[in-house]
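Chains as they are written, first to last, in our numbering: chain S, 1 to 205; chain C, 1001 to 1205.
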């Protein structure tokens, strides 16, 4: 299998951590790919996905799997199932919902980042930036206030959360999430004891 | 169960169609909700989801399920499983990947719409608008060129596609997708013969 990958993508990092934790990393070839809004990438759009987003998993028979959640679920199934995503019952829908919220928070941080750093300065709209950032920040607050996610055995929602926090460090280093959310800080420190989390940290901004 | 809902949301429409097709609509109360970027909605952010997005399914025991794909999968399971999402094998990953692509195409159309209609005109960036629109358009082209999705028994990817096309009609009525993609046009016409699809058409723009 091949995984389109960039060390700066929080979504690619999530799949890499999942693959390591599931013992599948040696079956996956990481293929460097570069995609960015407003930059054409005809080859990626044609061969991988018209959305031009990372990551995508390309199976040996050519089947392409997007998005990062689907890839995580596919790898989980390959590893026997029910490892990072509960196989059934309320726990399943809780993890899937939390994962979707954290995915949306990460999407919102990327939109804020694009607004501040990709868009020409004269077209910057503070209302949009603040709105997207607020979605991420309110999301972190939600998990600080519903902290059972922080102490469960490892699952896909936790992996997504550590990647979202790592992205906040990478692109919004002075946002102050550690001070605002001490329970998330302690969770992040604990997660950093895992090799999978440590080895996949984003580069220095 | 309650579903937060707006007749203009392509994601809420998708869940409504799925609920009708699965025979579950009479168990779901549609609850009108209004969310829009840059408009605060503290109650929704606190009680439903910090992402402030539609739809969300609120179970009778209070558990909230987001996003629209998770809700569709939950309803599918409630109806016995394997109805709109294949239960296993390559067909499952194909439908899930196609659904994720169409979800991303619809997200891209919403971003293009926000750029053109919500953002103050002086902050409009054509590069961003064109890039988001291109993701949707290239996606439609992909399905025109890989048309097996168009003739399968009903599934979640098809429902997502009809909602994406309906959203293109609703917000980009002169984009010309019918002329560019005749196979999608024929598919859309066939889908409109279903009551679920017809009754859920977006309002006139």
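Note that beta-carbon positions come from the ideal geometry of N, C-alpha and C, so glycine has one too. Bear in mind that the values here come from a model prediction, so they are computed numbers and not experimental data.
Within chain S, the residues that residue i reaches when beta carbons sit closer than 8 Å
i: residue 1190/C; result: Simply none; closest approach about 23 Å.
i: residue 1053/C; result: 104
Cutoff 8 Å: residue i Cβ touching any chain C Cβ
i: residue 100/S; result: yes
i: residue 67/S; result: yes
i: residue 16/S; result: no
Any chain S beta carbon closer than 8 Å to residue i
i: residue 1064/C; result: yes
i: residue 1148/C; result: no
i: residue 1041/C; result: no
i: residue 1194/C; result: no
i: residue 1124/C; result: yes
i: residue 1142/C; result: yes
i: residue 1135/C; result: yes
Neighbouring residues, chain C, relative to residue i (Cβ below 7 Å)
i: residue 128/S; result: 1037, 1038, 1119
i: residue 45/S; result: 1138
i: residue 131/S; result: 1037, 1038
Within chain S, partners of residue i - CB distance below 7 Å
i: residue 1274/C; result: Any property of residue 1274/C remains undetermined from this structure, which presents chain C solely from 1001 to 1205.
Beta-carbon neighbours of residue i, restricted to chain C and to distances below 8 Å
i: residue 27/S; result: What residue 27/S touches in chain C: nothing, since even the nearest Cβ is about 16 Å away.
Same chain only: Cβ atoms within 8 Å of residue i, ignoring 5 sequence neighbours per side
i: residue 202/S; result: 7, 8, 10, 13, 166, 167, 169, 170
i: residue 1105/C; result: 1135, 1136, 1139, 1140, 1164
i: residue 1059/C; result: 1001, 1065
Same chain, Cβ closer than 7 Å to residue i, five either side skipped, listed in chain order
i: residue 83/S; result: 22, 76
i: residue 4/S; result: 31, 33, 48, 54, 55, 56
i: residue 1073/C; result: 1085
i: residue 69/S; result: 99, 103
i: residue 218/S; result: This structure cannot settle anything about residue 218/S, because the visible part of chain S is limited to 1 through 205.
i: residue 200/S; result: 13, 16, 17
i: residue 81/S; result: 87
i: residue 175/S; result: 168
Same chain, Cβ closer than 6 Å to residue i, neighbours up to 5 away in sequence not counted
i: residue 987/C; result: It is not possible to answer for residue 987/C, since the shown part of chain C is limited to 1001 through 1205.
i: residue 1160/C; result: 1014, 1099, 1102
i: residue 25/S; result: 19
i: residue 71/S; result: 15, 57, 65
i: residue 1178/C; result: 1185
i: residue 1108/C; result: 1132, 1135, 1136
8 Å Cβ cutoff, residue i in contact with chain D
i: residue 1105/C; result: Chain labels in this structure do not include chain D; the protein chains are S and C.
Original post:
For the region 1165-1178 of chain C, which residues have a beta carbon sitting closer than 7 Å to at least one beta carbon of chain S?
Top reply: none
Original post:
With contact counted as at least three CB pairs below 8 Å, one residue from each stretch, are the region 29-46 of chain S and the region 2-17 of chain S in contact?
Top reply: yes
Subject >> Where the region 1080-1099 of chain C meets chain S: residues whose CB sits under 8 Å from a CB there >> reply: 1090, 1093, 1094, 1096, 1097
**OP:** Examine the Cβ distances between the region 1085-1100 of chain C and the region 1162-1182 of chain C and report whether three or more of them are shorter than 8 Å.
**Re:** no
Subject >> Stretch pair the region 33-43 of chain S + the region 1123-1137 of chain C: three plus CB contacts closer than 8 Å >> reply: yes
**OP:** Inspect the CB distances between the region 1058-1072 of chain C and the region 99-109 of chain S and report whether three or more fall short of 8 Å.
**Re:** yes
Original post:
Between the region 1151-1165 of chain C and the region 1183-1194 of chain C, do three or more beta carbon pairs fall short of 8 Å?
Top reply: yes
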